[in-house]
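Report on one structure; see the data block that follows.
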Amino acid sequence: MSEDLKCPICGKPTFLVYGKHPRKDGLCKECSQKLFNKEIIQCPDCGKWHKTDEPCTCKNDTKEIKTNKSEHKCEICGQTTTNKYICNDCYKRVDKSFEEIDKNTTPTKIRDYYYNLKNYIYRTEYTDAELLYNKLSKLYALADLSKKLFGREDLFNKVLYDIKDIKEGKENNKAKTVSEEEKIERDLNTAGINRTKDGHFVKSEYEVTVDDILFDLSEVHIYEKIVAKITERTVVCDWYIPVYKNNGIYIELWGIDKNYKYNINKEEKRELYKKHNLPLIEIEKDELKGDTLGLHDRIESEIIKYKNKIKEDI
């Protein structure tokens, strides 16, 4: 059956990896070498193969059948285009991103890369639109690669919605941006109000309460520390209690927020703490309303439990 498989480019028999497994893309040995040397690439729009330094024929075809396609905005950069999803300039960005991605990867790695990149774009402010378009093009390339290499359409079916969501979020944030002078003045105005017993300046009265509980428990603690053991993305915990060398206890104060992005970020942080088996104390804002004696006792109990576990594991 493998002998019937033909290279989609030249028609020669598909190359058999280890002499028995046909390549998923169907390429023959010679064309596989061209792909390895980055002489050819597969078009993310029509799936045809073409030389890396030349545009795919389907992009030329759009000029001939322009009357049959309605104009719309490119999902990435907003240019007017008659292509299906994105404009020619963004297709070139996608092609360039294809070259940077390891083709011998797995569906799971592509999916993890996709979500990590999406979160990175969400969190990063871009003053140069071109940098943002390059990142969005790589996101599109990952989704398209997952579809072409492994037949997985879950990422491709959502990538355009994710791109739109990212762009709308950045526009909203831009409208809400305040000047550096306003930020400094705001911080100075609230610094005295949100000061804890041990001199920390925190963001809210809720955080003052938690920080003061840790002070009353005589626990050495660090406010807002990067979690070094989480490498997939930058995670900053609300408090860190050092126990032994680089082992410690992390504390997160979760807000009651209807914001979709906040809740997504909250769940992703939880999963990362769980994935790396890090001791985490979680506090909800509701627990800080009224009498906090019960919360005081719970925090003390969990600190003792995690300290004992850390000592046992050493």
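Letter 284 of the sequence shown, counting from 1, is numbered 287 in our numbering, and no numbers are missing. Even glycine gets a Cβ: it sits at the ideal position worked out from N, Cα and C.
- Membership of L152 in the alpha helix (DSSP H) is indicated by the continuous run A132 to F153.
- Of all alpha-carbon atoms in E303, K51, K232 and H224, the one lying nearest the alpha-carbon of H279 is that of K232.
- Secondary structure of V246 (DSSP, three-state): strand.
- Here L8 has P16, T17, P25 and G29 as same chain residues with Cβ atoms under 8 Å from its own Cβ, once five neighbours each way along the sequence are excluded.
- Less than 8 Å divides the Cβ of I284 from the Cβ of E305.
- Within the same chain, Cβ atoms closer than 8 Å to the Cβ of I317 are found at Y247 and N250, the five residues on either side in sequence being excluded.
- Between D241 and L256, the CB-CB gap stays under 8 Å.
- With fewer than 16 neighbouring CB atoms inside 10 Å of its own CB, V239 falls in the exposed class.
- D48 sits away from C31, with the two beta carbons spaced by 8 Å or more.
- Nearest in C-alpha terms to N122, of all of T85, E270 and R198, is E270.
- When DSSP states are grouped into helix, strand and coil, P47 belongs to the coil group.
- Under the rule that a run must span 3 or more residues, the beta strand (DSSP E) segments found entirely inside the region 203-232 read 225-229.
- At least 8 Å separates the beta-carbon of L120 from that of L135.
- Take E78, set aside five residues on each side of it, and the residues of its chain with a beta-carbon closer than 6 Å to its own are Y88, I89, L163 and I166, in chain order.
- Taking a 10 Å sphere around the C-beta of I252, we find 16 or more other C-beta atoms and assign the residue as buried.
- Following the DSSP letters along the chain, one finds I286 inside the beta strand (DSSP E) bounded by residues L283 to E287.
- Residue environment for Q82: exposed (fewer than 16 other C-beta atoms within 10 angstroms of its C-beta).
- Residues of the same chain with a CB within less than 7 Å of the CB of P11, apart from the 5 flanking positions on each side, are G29 and W52 in chain order.
- DSSP places V238 in the coil class of the three-state scheme, outside both helix and strand.
- In the DSSP assignment, H279 falls outside any alpha helix (DSSP H) and carries neither an H nor an E.
- Ranking Y94, E315, D92 and K288 by CA distance to the CA of E208 puts K288 first.
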